[in-house]
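Peer 1: Here you go, one structure.
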Amino acid sequence: MHDLVPLSIPNISGNEWKYIKDCLDTGWVSSVGSYVDQFEQNVSQYVGTDEGVATVNGTAALHLSLLACGVQAGDEVLAPSFTFIAPINAIRYCNASPVFIGSDSQTFCMDVNLVREFLSRECVTRDGVLRNKQTGRKISAILPVHIFGHPVDMAPLNEIADHYHLPVIEDASESLGSEYREKKTGSLSTIGCFSFNGNKIITCGGGGIVTTNQKSLANRVRHLSTQANKKPFEYEHDEVGYNYRLTNIQAALGVAQLEQLDLFIKIKRKNASLYQELVAEIPQVELAWEAPWAKSNFWLCTLIVPPADRKPLMEYLIAQNIQVRPAWKLIHTLPMYQDCQSYAMQETVSAFERCISIPSSVQLTAEDIKFVVDCIKTYFNQS
């Protein structure tokens, strides 16, 4: 049996031990400290924004960003169904509802043309408020997700959002270091959110961050993340807040990981190119690739397969000690979201039926990649 080829695991190979030991030696281990400040500054500088506010995880970053952008109970937020569930749950945390917009057939991200179509055909402005004709609810934001590390087509989306005076909350959780027209994700619209979970391109063990050029939004996010404590010494809280702060230990890990990010991206892109070259020899499948205007970090390499082969191929690869996973179950089909409106889901369903994520760790070797592709070949040759 071949050694396990993991899907996506952290690479701890830099100054992580040194910086964490510094936290332990100095006693700065909790939710304030020099590494938290440094991490916020370094990430925002890397992304290209003026402000960064660290959070306990990416979901918290999304929740706070929605609140800071004015999403209120009873509102609706446009979002994809083809995504990890975190951004949709964050909408619910605000007591708002998602409206699911279909996917682009090439990038699998939210289809910007469908956003335009939905807002023009299915919504109306009454007394200066944009409302969904079907539900009567206010549309208060758009929440695109950069799927598998590939950016959404943000320029036309921002034009649409500006026309309707809607904030855009970028879920860039999977796309740190990815670029859209030579600008990094997380800096492309009103506010951006990242995750540093253990399977992401860099990790804090958990952790997230909000990035923005608007100081007022950053201040609002920071206030809410610290229990809305207006006067910390006197414990004066002026609204319901949240304990969403990142610890100094986690930030120390993040600082060390960020020092290696460019190398990680270089390796991932090289590995993706090798996958693409080798997969081209298998007529039944293809590797999802980047649009001409994008530079993906290839957080997860994604194989596009015939729907009938998706499950049996995964089972075969797992039996060969290769970790793979299906795409997320479509959120508009989950019981707690089935009552929410969905719009033009054909390509979304197609993406779910055809996508398999294959091993994408930074530590992946050329031999590992060749083994994975050889196993895919073997499956199709014997089926």
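For the sequence shown, numbering that gives the first Met the number 0 assigns the number 0 to the initial residue and increments by one for each residue that follows.
For each residue, glycine too, the CB sits at the ideal point set by N, CA and C.
(1) With DSSP as the reference, identify every bridge partner of Asp126, one or two as the case may be.
(2) According to DSSP, is Phe370 part of a helix, a strand, or is it coil?
(3) Identify which residue in Ile84, Ile248 and Pro325 has its Cα closest to the Cα of Met335.
(4) Mapping DSSP to helix, strand and coil, what is Pro231?
(5) Following the continuous beta strand (DSSP E) through Phe147, name the residue where it begins and the one where it ends.
(6) Would you call the CB atoms of Asp308 and Val4 closer than 9 Å?
(7) Considering Cα atoms alone, identify which of Val35, Asp24 and Trp27 is closest to Arg244.
(8) Please check the pair Ser43 and Thr210, which I expect to be a contact at CB under 8 Å, by giving their CB distance rounded to whole angstroms.
(9) Flag this pair as touching only if the region 266-281 and the region 315-331 have three or more C-beta atom pairs under 8 Å; answer yes or no.
(10) So does the region 145-153 actually touch the region 165-178, counting three or more Cβ pairs closer than 8 Å?
(11) Taking DSSP's pairing of strands, which residues face Pro325 in a bridge?
(12) Between the Cα of Gly253 and the Cα atoms of Ile19, Gln226 and Tyr234, which residue gives the shortest distance?
(13) Is the region 49-67 touching the region 105-113 in the sense that three or more CB pairs, one from each, lie closer than 8 Å?
(14) Please report the distance separating the alpha-carbon of Leu142 from that of Ile264.
(15) Can you tell me whether DSSP reads Val114 as helix, strand or coil?
(16) Is the separation between the beta-carbon of Leu187 and that of Met153 shorter than 9 Å?
Peer 2: In brief:
(1) DSSP lists no partner for Asp126.
(2) helix
(3) Ile84
(4) helix
(5) From DSSP, Phe147 is part of no beta strand (DSSP E); its letter is neither H nor E.
(6) no
(7) Val35
(8) 5 Å
(9) no
(10) yes
(11) Ile355
(12) Ile19
(13) no
(14) 25 Å
(15) helix
(16) yes
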